[in-house]
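*Asks:* The structure's right below; bear with me while I get my questions together.
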Amino acid sequence: MQTHFTEEDLKKPHIREADRVLRTCVHCGFCNATCPTYQLLGDERDGPRGRIYLIKEMLEAPEGAAKVTEETRLHLDRCLTCRNCETTCPSGVEYHKLLDIGRAEIERRVPRKPAERAQRYALRKMLVEPKRFQALLKLGQTFRPLVPGALKEKLPPAPVDAGKRPDGARHPRRMLILEGCVQPGLSPNTNAATARVLDRLGIGLTPVAEAGCCGAVDFHMNAQEDGRARARANIDAWWPHLEAGAEAIVQTASGCGAFVKEYAEILANDPAYAEKAARVSELARDLVEVLRDEALDDLSVKQGRRLAFHCPCTLQHAQKLGGAVEGVLTRLGFSLTPVADAHLCCGSAGTYSITQPELATQLRDNKLDNLEAGKPEVIVTANIGCQTHLAGANRTPVRHWIEIVDEALSSAT
């Protein structure tokens, strides 16, 4: 794609990066064929190719140009950032990088109305602090009838017993685990189950209390400096443990894993953190990456449940781990049902299901129809956002896949 930036424009780092990404696009339109919002809305501006043109037009336009409007922002807001288009693109366009630049730029040029700014600020503050989120969650569960519908769907019906975690210090092999910000409140058993399964494989897990939210919520809601600050804080928290021999940083939420693996990129220009960030990204592992490399034949699994696996976008498109969980579950003897259009987003997409509820609900219902077609007993997934969003429909039960493995191991002993 031809661009028309001035030499003065290209002195700005974000314009240089945008120019690089734009020039890789050959505007073939293959991306639209796999874009969930384009499939629903049929509007070129609600597909990746159209959004690329909108961002290009905005970045090339002078400050105050009339063509940059709230309508432009609407089409960018409707993007799920699922990155399905990147998996499809034959030219390797790094669309998500361009989208982050475009969203930050339009936020600056066309400020949101106070009510929108308040909503987005409130979401960031509610979600990123685990203790605050858990307090609000308990409040919502206590006064559930008073909670607005879009949020009520995301409340689990009752607190779930996480069970006991084994002592990770008893194993010579040690890994760190990112506890996450909302997962300890919404699905506390996920990380506990992870610790129990890895314990059986001779791996001890160490939670690091000082490590908090990965930073993705802030970064993708255009508070990018706040996202970078959280990344730096996590690196500081993990670094002594990495120096002491921890071999990996495990994420059980694929959304967090995708972002931690991008620390190297988002802090590449930070001389104090660039090297450490690259090391952290290198050691970041989604849980499935750990299990698939282990001797799973040593595990005695008593299974028999029929499962449908929903592969989160952050696992298959961002981390390029499509098929990995299915492979592990198959090796363990689970029966997986086929799922049509497994590449499409469920509509969760971080805070998208709250900021774009109508589109998110349509995507969720379509996804559930495909997941339930094979009549599974349970739907399993690998990301807390997808899990909560799908479970909010109150149809087939939805769990994290490691919980099902843990239960099968426990029943076999």
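Per our numbering, residue 30 is the first one in the sequence shown, and the count goes up by one each step. Glycine is no exception: its CB is placed at the ideal position from the N, C-alpha and C atoms.
1) Is the distance from the Cβ of Thr-223 to the Cβ of Ile-408 below 8 Å?
2) With DSSP as the reference, please indicate the residues paired to Met-155 in a beta bridge.
3) Can you name the start and end residues of the beta strand (DSSP E) that Arg-321 belongs to?
4) Going by the beta-carbon positions, is the gap between Arg-334 and Ile-433 smaller than 8 Å?
5) What's the call for Ala-90, buried or exposed, on a 16-neighbour Cβ count within 10 Å?
6) Which partner residues does Gln-280 have in the DSSP bridge list?
7) Return the CA-CA distance between Thr-380 and Ala-282, expressed in angstroms with no decimal places.
8) To which residues of the same chain is Ala-303 closer than 8 Å at the C-beta, ignoring the five residues directly before and after it?
9) Which residue's Cα is closest to the Cα of Ala-437: Val-319, Val-226, Phe-288, Ala-238?
10) Within 10 angstroms of the Cβ of Phe-248, are there 16 or more other Cβ atoms? Answer buried if so, exposed if not.
11) In the DSSP assignment, the alpha helix (DSSP H) including Pro-236 goes from what residue to what residue?
12) Going by alpha carbons, who is nearest to Ala-402 out of His-429, Ala-371, Ala-47?
13) Kindly indicate the opening and closing residues of the alpha helix (DSSP H) around Arg-393.
14) Could you tell me the boundaries of the alpha helix (DSSP H) in which His-270 lies?
15) Tell me the DSSP secondary structure of Val-427 in three-state form.
16) Less than 6 Å between C-beta atoms, sequence neighbours within five positions excluded: which residues of the same chain meet that for Asp-255?
17) Figure out for me which residue from Leu-344, Lys-404, His-339, Val-309 has the closest Cα to the Cα of Glu-318.
18) Which partner residues does Ala-337 have in the DSSP bridge list?
*Replies:* Taking the geometry as given:
1) Translated into positions along the sequence shown, residue 223 becomes position 194. Translated into positions along the sequence shown, residue 408 becomes position 379. The answer is no: Cβ separation not under 8 Å.
2) By 1-based counting over the sequence shown, the position of residue 155 is 126. According to DSSP, which records beta bridges pairwise, Met-155 is partnered with nothing at all.
3) Numbered from its first residue, the sequence shown carries residue 321 at position 292. It is not in any beta strand (DSSP E) - Arg-321 carries neither H nor E in the DSSP assignment.
4) If you number the sequence shown from 1, residue 334 lands on position 305. If you number the sequence shown from 1, residue 433 lands on position 404. Yes, they are a contact pair.
5) As a first step, residue 90 is located in the sequence shown; it is residue number 61 there, counting from the start. Flag for Ala-90 reads exposed.
6) Taking the sequence shown and counting its residues from 1, the one referred to as residue 280 is at position 251. DSSP lists Leu-207, Asp-315 as partners of Gln-280.
7) For the purposes of this step, residue 380 is taken as residue 351 along the sequence shown, with counting starting at 1. For the purposes of this step, residue 282 is taken as residue 253 along the sequence shown, with counting starting at 1. Approximately 15 Å, taken between the alpha carbons.
8) Position 274 of the sequence shown, counting from 1, holds the residue named residue 303. Excluding residues within five positions, the ones whose Cβ falls inside 8 Å are Ala-293, Leu-296, Ala-297.
9) Here residue 437 corresponds to residue number 408 of the sequence shown, with the count starting at 1. Of the candidates Val-319, Val-226, Phe-288, Ala-238, the one whose C-alpha sits nearest the C-alpha of Ala-437 is Val-226.
10) Taking the sequence shown and counting its residues from 1, one reaches residue 248 at position 219. Buried, since its Cβ has 16 or more Cβ neighbours within 10 Å.
11) As a first step, residue 236 is located in the sequence shown; it is residue number 207 there, counting from the start. From DSSP, Pro-236 is part of no alpha helix (DSSP H) but of the beta strand (DSSP E) over 232-236.
12) Counting from 1 along the sequence shown, the entry for residue 402 is found at position 373. Closest option to Ala-402, Cα to Cα, is Ala-371.
13) Residue mapping note: residue 393 aligns to position 364 of the sequence shown, counting from 1. Here the alpha helix (DSSP H) through Arg-393 covers 386-401.
14) For the purposes of this step, residue 270 is taken as the residue at position 241 of the sequence shown. Run containing His-270: 253-272, per the alpha helix (DSSP H) assignment.
15) Taking the sequence shown and counting its residues from 1, one reaches residue 427 at position 398. Three-state result, Val-427: strand.
16) Residue mapping note: residue 255 aligns to position 226 of the sequence shown, counting from 1. If we look at Asp-255 and ignore the five residues flanking it on each side, its Cβ neighbours are Asp-247.
17) Walking along the sequence shown from the start, residue 318 turns up at place 289. The candidate whose alpha carbon is nearest that of Glu-318 is Leu-344.
18) Walking along the sequence shown from the start, residue 337 turns up at place 308. Per DSSP, Ile-408.
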